[in-house]
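First the structure, in the form of structure tokens, and then the observations on it.
Residue numbers (the numbering used here): 7 to 249.
Following this line, the structure appears as structure tokens:
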């Protein structure tokens, strides 16, 4: 059986005023795929992710999730199906880790308090924080807070997960613990789109590398082909500056 596209971008355009941020984007993310989006600052990477869960609205084209357009879909349903983790952790400071993870499943998904908390405990175990369930955000390291944020997104049972530079605000020694969690999700078959500057991680975890420049996708390939022998001059320039 051929892979089933789970997220599809067709001729997508996005403007911020007079600035054309996304230009005629065509991209398909298959179920269970890990697609890593790279490129220089200002190339449209984060905007692409933010459009995928309707944090930003596109001006032209279509984005489909599981075969259905998200443009006219209920935005709350879209965000239940498309989990997103940001650079900043955005945890509720007055709630502990368990409460941060269980809140949305209880109040949005309609789970009972006991079921939501049981699910939250499972997910905190999964991200290696079984011993920090009762800790408040100010008592956790940046890496631990980001892992709570990942557990919180997973608690909604999304169809796809988006990660937008989730390690960029972390001290270098904390980056690995977050990347390990993401790598574990990839091994379990979670469909993911990631924006990252961690090229070694991108090469290891990605099924496909997508290079953006000036709002366009200029190259996409499997990691080995992209990093060893990029097909475009823009790809070669990008890698030469990085590596």
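Ideal placement from N, C-alpha and C gives every residue a C-beta, glycine not left out.
Unbroken alpha helix (DSSP H) run spanning residue 26, endpoints:
Note, residue 26: premise wrong, no alpha helix (DSSP H); beta strand (DSSP E) at 25 to 36.
Do residue 197 and residue 12 count as a contact pair if the criterion is CB distance below 8 Å?
Inclusion of residue 12 and residue 197 in the CB contact set at 8 Å is warranted, their separation being smaller than that value.
Should residue 102 be labelled buried (16 or more other beta-carbon atoms within 10 Å of its own) or exposed?
Around the beta-carbon of residue 102, 16 or more other beta-carbon atoms lie within 10 Å, marking it buried.
Per DSSP, the bridge partner or partners of residue 19:
BP columns for residue 19 point to 66.
Going by DSSP, name the residue or residues bridged to residue 235.
Residue pairing by DSSP places residue 235 in no beta bridge whatsoever.
Please check the pair residue 149 and residue 180, which I expect to be a contact at CB under 8 Å, by giving their CB distance rounded to whole angstroms.
The pair is a contact, with the Cβ atoms about 3 Å apart (cut-off 8 Å).
Should residue 138 go down as buried or exposed, given a rule of 16 or more other Cβ atoms within 10 Å for buried?
That one is buried.
So if DSSP puts residue 154 in a beta bridge, which residue, or which two residues, is it bridged to?
Here residue 154 is not bridged, per DSSP, to any residue.
DSSP bridge partner residues for residue 219 (one or two, in chain order)
Beta-bridge pairing links residue 219 to 222.
From the DSSP output, in three-state form, read off residue 44 for me.
Reduced to three states, the DSSP call for residue 44 is strand.
Classify residue 111 as helix, strand or coil using the three-state DSSP reduction.
In this structure, residue 111 counts as helix in the three-state DSSP scheme.
What span of residues does the alpha helix (DSSP H) with residue 207 cover, start to end?
Start and end: 205 to 211.
Inside the stretch 77 to 110 only - beta strand (DSSP E) runs reaching at least 3 residues
The beta strand (DSSP E) runs of length 3 or more contained entirely in the stretch 77 to 110 are, from start to end of the chain, 88 to 91.
Can the beta-carbon of residue 154 be found less than 8 Å from the beta-carbon of residue 107?
Yes, they are a contact pair.
Are residue 161 and residue 129 touching if we call contact CB-CB under 8 Å?
It is a contact, given that the beta carbons lie within the stated cut-off.
Assign residue 183 to buried or exposed, taking buried as 16 or more other Cβ atoms, counted over all protein chains shown, within 10 Å of its Cβ.
When all chains shown are included, residue 183 counts as buried.
Integer-rounded CB distance, given that residue 20 should sit under 8 Å from residue 64
About 5 Å separates the two Cβ atoms, so the contact holds.
Residue 170, enclosing beta strand (DSSP E) - first and last residue:
Here the beta strand (DSSP E) through residue 170 covers 166 to 170.
For the beta strand (DSSP E) that residue 201 lies in, which residues bound it at each end?
Taken as a continuous stretch (DSSP letters only), the beta strand (DSSP E) holding residue 201 covers 198 to 201.
Nearest CA to the CA of residue 167: which residue from 173, 174, 177, 156?
Shortest Cα-Cα distance from residue 167 to any of 173, 174, 177, 156 involves 156.
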